[in-house]
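Here the protein sequences line up with chains B and V, keeping their order.
When you line the first sequence up against our numbering, it's residues 737 to 847, in that order.
When you line the second sequence up against our numbering, it's residues 26 to 140, in that order.
Ideal Cβ positions, reconstructed from N, Cα and C, are used throughout, including at glycine.
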Amino acid sequence: QKEVEQNSGPLSVPEGAIASLNCTYSDRVSQSFFWYRQYSGKSPELIMSIYSNGDKEDGRFTAQLNKASQYVSLLIRDSQPSDSATYLCAAWMDSSYKLIFGSGTRLLVRP
Amino acid sequence: GAVVSQHPSWVICKSGTSVKIECRSLDFQATTMFWYRQFPKQSLMLMATSNEGSKATYEQGVEKDKFLINHASLTLSTLTVTSAHPEDSSFYICSARDWGDEKLFFGSGTQLSVL
Numbered sequence: 737q738k739e740v741e742q743n744s745g746p747l748s749v750p751e752g753a754i755a756s757l758n759c760t761y762s763d764r765v766s767q768s769f770f771w772y773r774q775y776s777g778k779s780p781e782l783i784m785s786i787y788s789n790g791d792k793e794d795g796r797f798t799a800q801l802n803k804a805s806q807y808v809s810l811l812i813r814d815s816q817p818s819d820s821a822t823y824l825c826a827a828w829m830d831s832s833y834k835l836i837f838g839s840g841t842r843l844l845v846r847p
Numbered sequence: 026g027a028v029v030s031q032h033p034s035w036v037i038c039k040s041g042t043s044v045k046i047e048c049r050s051l052d053f054q055a056t057t058m059f060w061y062r063q064f065p066k067q068s069l070m071l072m073a074t075s076n077e078g079s080k081a082t083y084e085q086g087v088e089k090d091k092f093l094i095n096h097a098s099l100t101l102s103t104l105t106v107t108s109a110h111p112e113d114s115s116f117y118i119c120s121a122r123d124w125g126d127e128k129l130f131f132g133s134g135t136q137l138s139v140l
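Structure follows, in structure tokens:
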């Protein structure tokens, strides 16, 4: 199993809907997780970080962490076409000092 | 969030030449910086970890003699692609972590095209 895994998508949702992005992780990562957004040709931009079990909300974004099931998710409420991008899940490796990324999920928000 | 500056944003060079990319942390001191490479439609792959005042740690499969990393100060790390070839064409992104913070912040990236 890869350290961090994501469905590559694309995930297509209509404007105004909730987009749900998921990520699973292995035992080899620490308990600090990050969601980055990356537009085509640009570098990743940090959206959310989550370290504790449960939900963390920031504006239209909610990160959810379930340590028992080893998954972390990102919910985007009231999706906008400008949210169309690739979303990367990331975690620090437990045994070494490096941030590992999932393959990313491409989100398309249809107007 | 912390600001990481990277330049140039893009560079086109002839095969066999060397290219230097700079990465600066503008409002914090970064004892560790990371260099990633991203090919089209793929995720970020860590190339090396750059530590201030010491040698970089390279990931498996990354040639240390080809990708020279220097981290001479707490705010500057450079990546030099030596004798670049077309297969080195890629999007190179640096990142830095503020001491005591778990978050990693990225520079704007450098698109390298080797002709």
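- Residue pairing by DSSP puts Lys792/B in a beta bridge opposite Ala799/B.
- Annotation: the region 70 to 95 of chain V contains no complete segment of the alpha helix (DSSP H) (minimum length 4 residues).
- In terms of Cα proximity to Ser50/V, the closest of Thr42/V, Ser115/V, Phe59/V is Phe59/V.
- Look at Ile118/V: its C-beta is under 7 Å from a C-beta on chain B.
- From the beta-carbon of Tyr761/B, no residue of chain V is found nearer than 9 Å; the closest lies around 14 Å away.
- With respect to the C-alpha of Thr42/V, the residue from Ser79/V, Ser114/V, Glu84/V having the closest C-alpha is Ser114/V.
- At a cut-off of 7 Å between beta carbons, Ser114/V makes no contact with chain B.
- Inclusion of Trp771/B and Leu810/B in the CB contact set at 7 Å is warranted, their separation being smaller than that value.
- Chain B has no Cβ within less than 7 Å of the Cβ of Leu104/V.
- By the criterion of at least three beta-carbon pairs nearer than 8 Å, the region 90 to 108 of chain V is not in contact with the region 818 to 828 of chain B.
- Residues of chain B whose Cβ lies closer than 7 Å to the Cβ of Gly125/V do not exist; the shortest such Cβ separation is about 13 Å.
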